[in-house]
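According to mature numbering (1 follows the signal peptide of the UniProt record, and there is no 0), the sequence shown holds residues -30 to -1, 1 to 738 in order.
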Amino acid sequence: MAWFNYPLRRMMVAAALLALCVVDASLVNASPALANAAALSAGDNTLQFLQGFALSNPSLVSVWTGTDFCKWPYVICADSGHALNFADADSPAFSGSLVLPELPEGVDGSLVMFVKISIKGMGKKVTGTLPSSWGGLTRLTTLYLHGNALTGPVPAAWSGLKALQYLWLQDNRLDSPLPDTLGTLAGLGSLYLSNNALTGTLPASWSGMAKMATLKLSGNRIEGNLPAEWGSMTKIYTIQLGDNKLSGTLPAAWSGMSSLSELDLSNNKFVGPIPAGWGGMQHLSAVTLTGNDLCGCLPSGWVAPTLVEVKVDAAVSASDCATANHCSTEPSGSASSHTESKKGSSSAPPAPTPVTETLKFLQALVKAVPDLAVSASDEDYCKWYSFVQCQNGVTVRLTDRILSTVSSLPDLADDVNGALVLVISFEANDKGAMLSGTLPPSWGRLTQMQDIKLENNALTGPLPVEWSGMTSLKFLWLDNNGLTGDLPVSWGTLSTVQVLSVRANHLTGPLPSGWSGMTLLRNFYAENNSLTGELPVSWGSLKQMKVVMLTNNKVSGDLPAEWNGMTPLVTLALGNNALSGTLPAVWSSLSKLMQLKLNNNSLSGTLPAEWSKLTRVKNGLLLQGNHFCGCVPPEWAGKLTPTVDPAVSAETCATTNACGKASSSGAGPHSSSHSHPSPSPASSSHSKPSPVVASSSSSSSFECAVVHCLECEAGNSTKCSQCARRYALTDDSQCASKGDAAYWQSLGSPNGWLMLALLCTCVLWNLV
């Protein structure tokens, strides 16, 4: 290699450095180029959407020219999102007709930049149907299409409009049933569909519109009952359902609509009484119920000044309503039974009694569970000894000894007066899983029921909101089934419940704050579900609570300091959730606490010295699997034996697990949340932070707040100048493992490429 002389080697090294600099420059400029490409993609999709709109509406072709659509009439461009507006006073008058076209082929609706489309009040100028493909316009928050001549259905595909907040379609000619799928639009707050020709029933799934505030459906052809599930719509403010063909009774569960102010149910076919629970709707100010066949009287709570306007038929508001307008004893409130009651028909059946109504319920049970027939031959149900016991009420007990086949629970027939049924206890909780199907909503009419035990079966479906009608219920056990859905908000009215257990199901959704109305609740079990949301602050008012078990869910947020109000609390199990924040020092007042399980969450801060007062907890305190800093307080010595991570109990915890300056002690009596040093962006979100090491810099006495930081930059505790072994310093002065993505990403920065260039140069030098 004599010919490979020294000057030539130097030229090759220079060439390598030049090539690397070129690569470096191209990569540094790559990110802005990609961003511009994304912007162009959104612009192109918006342009193609408008061009397709114009092709279907020739009168627009002559005015929508060029490619700068922001200069076109009826198009308004803004940084917050674009609008298509044919009804704005600032836009030129539109003289032609319009149809709403489907999205052109190849257009990505998620990149169309319109957040608002307003084509309203144009009468017969706007015809045709609603385009299903508009369900792909995922940026759309407002859609005003009212006051036109549109026909056809409301597309089920519009459930894809996840950002939609306002949908106004009133005063058109829309027909077909209401789509169930709109119930997935959790952000929709305003839905106007009045004065169309819509049919079908009110979808129970619309209770999923958690933010719904105004719902107007008057002047259609909608039939069926009012969905009891809507009682969970706690944000709803206005409901207008007048002038339809709705029937049945008014659901007691609607008393859960805690924000309802205006209710119009006029000119339908409703029967039965106005639920007494509706009298407690504190924000209700205007009610219109005229044009129905209601019986009984107004609820006692409907008085001025809270309720400003009440419009009902004269019979309901008359002074003698209790006698002249008395309700049939049949709870179904069917039109026929109510009419016959008013006419005083001589052919009316004998008045029901507790014995007749209880027999009807038990006969329906025998029909649903054939294995019971052999024991139910006698007319006296108290002699059905194998599963019925008559003593201080009727107890039904189904065991795997008498059940050989899987059966389901029967509905309570419409002709049964649930208030007269004497069954106070129903048990079917052997480990044979002999019951399947769903929980019957109609059982909510069993107002004498006190105890239901249905654990260890194969029951599915939701928890019925109607069960809030079981006004005597004390014990409810539904463990180890396949139940799904949310915890019903309406159950907050079950003021007699003492034990409620739904552990080991598939329940989701938040813990209802309204359950603070269960003033006698003392044991709540809900482990091993998928419950979300935060721990309700309002539950701190449950003065009888002794046991709360929520282990293995997805509950998040802080530990409410207000839960110190549960003074009888003995067991609180919140392990394996996603709780964060710090430990409330005020929980030290829970003097009866014997088990406190907070393990495997994301709690942080210090361990409160005040908890040394929890002397009955002793070794029942589980705190491992969190992000606590500092040490086990010396005040706990001899009083508490907690299970904690080694970092908190180590002899060197004061230095190796010290809290950063931003951390708070969590010991203040009013403190409920404190900051805690966050892990480095390069660290895994699922890993525990390594102990924080005090800075070794001689020029500064502060501590490093960055994980894996061995020495801080002078005057900056959030940036590193030196990292621990096996960690490398990134460009933003963080410490990342040399195996992490953050380390290699740092090589993609300008400085990183320079380092790589120098490395390659050294390699080439050694080779040559």
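We put the beta carbon where it would ideally sit given N, CA and C, even for glycine.
Leaving aside the five residues that flank T541 on each side, the residues in its chain whose CB is nearer than 6 Å to its CB run, in chain order, V517, Q565. Per the DSSP secondary-structure output, K567 pairs in a beta bridge with A543, L592. In the structure shown, T293 adopts helical secondary structure according to DSSP, grouped into three states.
Closest by C-alpha distance to K588, out of P578, A579, G608, is G608. Under the three-state reduction of DSSP output, G66 falls in the coil class, being neither helix nor strand. M227 is the residue among S255, G261, M227, V241 whose C-alpha sits nearest the C-alpha of G247. Residues of the same chain with a CB within less than 7 Å of the CB of S465, apart from the 5 flanking positions on each side, are G487, M488, T489, L490 in chain order.
When DSSP reads this structure, P147 sits in a beta bridge with T169.
With a cut-off of 8 Å on Cβ pairs, the region 95 to 111 is not in contact with the region 41 to 50, counting fewer than three such pairs. In the displayed model, Q514 falls within coil according to three-state DSSP, outside both helix and strand. N15: member of the alpha helix (DSSP H) spanning -1 to 26, first to last residue. Considering only N475, Q210, S471, the residue with the shortest C-alpha distance to A428 is N475. Listed in chain order, the alpha helix (DSSP H) elements of length 4 or more contained wholly in the region 213 to 277 amount to none. Exclusion of the five residues before and after G76 leaves Q18 as the residues of its chain whose Cβ lies within less than 8 Å of its Cβ. Shown here for M519: same chain residues with a beta carbon closer than 8 Å to its own, the five before and five after excluded, namely R473, F494, Y495, A496, E497, T541, A543 in chain order. If the five residues before and after S572 are omitted, its C-beta is found closer than 8 Å to the C-beta atoms of A548, L549, S550, N596, H597, all from its own chain and listed in chain order.
Our two residues, P506 and N627, have alpha carbons roughly 32 Å apart in a direct line. Annotated three-state conformation of Q135 is coil, per DSSP. By DSSP's assignment, P480 forms a beta bridge with T502. In the displayed model, D449 falls within coil according to three-state DSSP, outside both helix and strand. Bridge pairing for V366: V358, F396 [DSSP].
The beta carbons of T169 and P147 sit about 5 Å from each other, so the pair counts as a contact at 8 Å. For the pair A183 and I206, the CB atoms are nearer than the 8 Å cut-off. Membership of T625 in the alpha helix (DSSP H) is indicated by the continuous run 623 to 626.
F494: not part of any alpha helix (DSSP H); member of the beta strand (DSSP E) spanning 493 to 495, first to last residue. Around E193, the same chain offers T169, G170, T171, N214, K215, L216, S217 as residues with beta carbons nearer than 8 Å, after the five sequence neighbours per side are excluded. In its chain, beyond the 5 residues on either side, V69, L70, L120 have a beta carbon closer than 7 Å to the beta carbon of G98.
Nearest C-alpha to A53 among L73, T16, V33: T16. Under the DSSP assignment, E279 falls in the beta strand (DSSP E) whose first and last residues are 279 to 281.
Restricting attention to N118, R143, D141, T108, the CA atom closest to the CA of A127 is found in T108.
Taking Q140 as reference, the option from N166, G130, C360 with the minimal CA-CA separation is N166.
CA-CA distance, N295 to L553, rounds to 58 Å. Ranked by Cα distance from A156, the first of Y162, N190, S188, M203 is M203. Taking 8 Å as the cut-off, the beta carbon of M83 is found closer than this to the beta carbon of G51.
Taking C-alpha positions only, E580 is separated from C601 by approximately 14 Å. C-alpha of N451 to C-alpha of D400: approximately 12 Å in a straight line.
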